[in-house]
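When we follow this note's numbering, the leftmost residue of the sequence shown carries the number 2, and every step to the right adds one. Where is the CB? At the ideal position from N, CA and C, for every residue including glycine. Note that this is a predicted model, so its numbers are computed, not measured. Okay, structure first, notes after.
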Amino acid sequence: MIRTKLTEMLHIQYPIVQAGMGLVADVNLTAAVSEAGGLGILGSYTRAPDELRNDIREVRARTDRPFGVNLVTGDPLEKEYSRIVMEERIPVISHGRGNPAWLIEASREHGLISIPTVGTLAHALRAQQDGADAIVIQGAEAGGHTGTVGSIVLLPLVASRVSVPVIAGGGFCDGKGLAAALALGAEGIYMGTMFSLTRESPLHQSVKELYLEASEEDTAVTTLLTGKPCRFIRNEMLQAALAQAEAQRNRPSTEPQTGASYGDLAKIARAGDRFRASLLEGDRSAGGMPGGQVVGRIDHIPSCQELIERTMNEAEEAIGRLASQTRWS
Ligand SMILES: Cc1cc2nc3c(=O)[nH]c(=O)nc-3n(C[C@H](O)[C@H](O)[C@H](O)COP(=O)(O)O)c2cc1C
């Protein structure tokens, strides 16, 4: 039985957190993960506020175990979502793409556990200073918005510099990864791409197949779809975005720059539609499909319960094997 500061803090059975994912982390997925003993996190991105409130209540009807809600910092509906999360007394709030001190402070006032996702040491230090209760350290290999430093360097670096529990994100899909993350100083793992490839995930079946076929080299990062560096699975939309970026690089600097700005509501709405068409409706070339390099290690679709049980068994086995293989004389 692996117990860590994270399992204690979140009152969960296993140190496994399902990453907040807009569109993908729906009621089914969130409830299934929490029921299986991990922490499910409901995504808010592209949900109407009323829909978010209903979904929170629906998760609660399906499980009496803890779960969280993810907010994307900079989302125009962020304040409204956060009010709903506070009113509904959700125990955990996760936030990606930034670390607003106001949100951490408001979470604290309402007794919520606040867990920002960060991709640099500087952001982790600031999050701790602002009062975060735990921090997801997300390596560059992660799906979705991401930084430039991989988990193997970033995780132990941050873990040695902050005192709050850190959760390892970016590139994790199994128990070997969990054992490695614990060895590097984490108190648990945060899996996005892997949980998006479970039976309970709403990803369209043909998209799940595309992810399963993808190798570790079939992802790329672009700013062109959301305005910030974001890692997607290669499809026609991504190839077009990369070609556009290349053309922009080669353009004389006097010409105006184009590209999406995250604050532009219309563009966000369009991006949301495209994400929905591709991820949920199976039009594999319509929109960006966030996914991490770890797709190269995933070859089947387990249920959340199978995934969590397998991960825990593998981690215990890996830790036991290392202990018995290591001989000091
Ligand atoms: C399909 C998908 C959608 C995502 N959407 C969000 C989101 O809405 N908010 C957020 O904070 N992070 C989002 N992320 C990033 C994840 O929360 C997490 O940090 C990342 O998936 C971890 O790396 P991994 O994909 O290697 O497991 C998304 C990731 C994926 C794969």
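Discussion item. Beta-carbon within less than 8 Å of TYR263's beta-carbon, same chain only, minus the 5 sequence neighbours each way: which residues are those?
Written reply: Sequence index remark: in the sequence shown, residue 263 carries index 262 (1-based). Because TYR263 carries a pLDDT of 41, less than 50, the predicted location of this residue cannot be relied on, and the following value inherits that uncertainty. Cβ neighbours of TYR263 beyond the five flanking positions: GLY75, THR227, GLY228, LYS229 and ILE269.
Worksheet item: So is the beta-carbon of ALA133 under 8 Å away from any non-hydrogen atom of ligand 1?
Response: Reading the sequence shown from its first residue, position 132 is the one you call residue 133. At a cut-off of 8 Å, the beta-carbon of ALA133 does not count as near ligand 1: no heavy atom of the ligand is closer than that.
Item to complete: Can you grab the Cα-Cα spacing for the pair PRO77 / ILE302, in whole Å?
Response: Sequence index remark: in the sequence shown, residue 77 carries index 76 (1-based). Sequence index remark: in the sequence shown, residue 302 carries index 301 (1-based). Answer to the nearest angstrom: the Cα atoms are 34 Å apart.
Worksheet item: Within 8 Å: the Cβ of ASN71 and any heavy atom of ligand 1?
Response: For the purposes of this step, residue 71 is taken as residue 70 along the sequence shown, with counting starting at 1. Under cutoff, so the answer is yes.
Worksheet item: If you compare alpha carbons, which of VAL167, ARG4, LEU211 and ALA37 is closest to MET290?
Response: Position 289 of the sequence shown, counted from the first residue, corresponds to residue 290. Looking at the Cα atoms, LEU211 is the closest of the given residues.
Fill in: Cβ neighbour criterion (16 or more within 10 Å) applied to GLY112
Here the question's residue 112 lines up with position 111 in the sequence shown. Exposed, since its Cβ has fewer than 16 Cβ neighbours within 10 Å.
Worksheet item: Comparing alpha-carbon positions, which option in ALA20, SER304 and ARG250 lies nearest VAL119?
Response: As a first step, residue 119 must be located in the sequence shown, where it is residue number 118. Among ALA20, SER304 and ARG250, the Cα nearest to that of VAL119 is on ALA20.
Practice prompt. Enumerate in chain order the residues of its own chain whose CB-to-CB distance from LYS177 is below 7 Å, with the five nearest sequence positions on each side excluded.
Written response: Taking the sequence shown and counting its residues from 1, the one referred to as residue 177 is at position 176. For LYS177, where only same-chain residues beyond five positions count, the Cβ hits under 7 Å are GLU315 and ALA319.
Discussion item. What does DSSP give as the partner residue(s) for CYS231 in the beta ladder?
Written reply: Position 230 of the sequence shown holds residue 231. Note: CYS231 sits in a beta bridge opposite HIS146 and THR223.
Fill in: Residue closest to PHE196, alpha-carbon to alpha-carbon, out of ARG66, ILE57, GLN306 and GLY148
The count along the sequence shown starts at 1 and reaches residue 196 at position 195. Per the Cα distances, GLN306.
Item to complete: Could you tell me which of VAL208, TYR46 and ILE190 sits nearest to GLY97, measuring between CA atoms?
Response: Translated into the one-based positions of the sequence shown, residue 97 becomes position 96. Out of VAL208, TYR46 and ILE190, TYR46 has the C-alpha closest to the C-alpha of GLY97.
Worksheet entry | Candidates SER304, LEU198 and ILE57, of which the one nearest ILE85 by Cα | Working through the sequence shown from its first residue, we reach residue 85 at position 84. Here the closest residue by C-alpha is ILE57.
Discussion item. For GLY260 and ARG285, I'd like the C-alpha separation in whole angstroms.
Written reply: Taking the sequence shown and counting its residues from 1, one reaches residue 260 at position 259. Taking the sequence shown and counting its residues from 1, one reaches residue 285 at position 284. Because the pLDDT at GLY260 is just 47, under 50, the model does not fix this residue reliably, and the value given afterwards should be weighed accordingly. Between GLY260 and ARG285, the alpha-carbon positions lie close to 22 Å from each other.
Worksheet item: Sorry if obvious, but does the Cβ on MET195 come closer than 8 Å to a heavy atom of ligand 1?
Response: Translated into positions along the sequence shown, residue 195 becomes position 194. Yes, the Cβ of MET195 comes within 8 Å of a heavy atom of ligand 1.
Discussion item. At 3 residues or longer, what runs of the beta strand (DSSP E) sit wholly inside the segment 49 to 96?
Written reply: Taken in chain order, the complete beta strand (DSSP E) segments of 3 residues or longer contained in the segment 49 to 96 are 68 to 73.
Worksheet entry | Range of the contiguous alpha helix (DSSP H) that encloses TYR212 | Taking the sequence shown and counting its residues from 1, one reaches residue 212 at position 211. 206 to 214 is the extent of the alpha helix (DSSP H) around TYR212.
Discussion item. If you follow the alpha helix (DSSP H) that SER152 is in, where does it begin and where does it stop?
Written reply: As a first step, residue 152 must be located in the sequence shown, where it is residue number 151. Element bounds for SER152: 152 to 160.
Practice prompt. Determine the direct distance from the alpha carbon of GLY140 to that of THR149, and round the result to whole angstroms.
Written response: Taking the sequence shown and counting its residues from 1, the one referred to as residue 149 is at position 148. Taking the sequence shown and counting its residues from 1, the one referred to as residue 140 is at position 139. Straight-line Cα distance between these residues: approximately 7 Å.
Worksheet item: Going by C-alpha distance, which of ILE309, GLY321 and GLN326 is nearest GLN14?
Response: Stepping through the sequence shown from its first residue, residue 14 is reached at position 13. Checking every option, the nearest Cα to that of GLN14 belongs to ILE309.
Fill in: As assigned by DSSP and simplified to three states, the class of VAL34
For the purposes of this step, residue 34 is identified with residue 33 of the sequence shown, where counting begins at 1. Helix.
Practice prompt. Given a cut-off of 9 Å, decide if THR194 and GLY273 are closer than it, judged by their beta-carbon atoms.
Written response: Position 272 of the sequence shown, counted from the start, is the residue given in the question as residue 273. Position 193 of the sequence shown, counted from the start, is the residue given in the question as residue 194. No, the pair does not count as a contact, with Cβ atoms beyond the cut-off.
Worksheet item: Run through DSSP, which three-state label would SER262 get?
Response: In the sequence shown, the residue the question calls residue 262 occupies position 261. Because the pLDDT at SER262 is just 43, under 50, the model does not fix this residue reliably, and the value given afterwards should be weighed accordingly. Looking at SER262 - three-state DSSP - the assignment turns out to be coil, as it is neither helix nor strand.
Worksheet item: From what residue to what residue does the alpha helix (DSSP H) around SER197 run?
Response: As a working mapping, residue 197 is identified with position 196 in the sequence shown. Segment 194 to 197, the alpha helix (DSSP H) holding SER197.
Worksheet entry | Contact with chain D by ASP274, beta-carbon distance below 9 Å | Of the chains in the structure shown, none is chain D; there is only one protein chain.
Worksheet entry | Own chain, CB closer than 6 Å to PHE173, minus 5 neighbours either side, in chain order | Position 172 of the sequence shown holds residue 173. So the qualifying residues of the chain are ILE190 and MET192.
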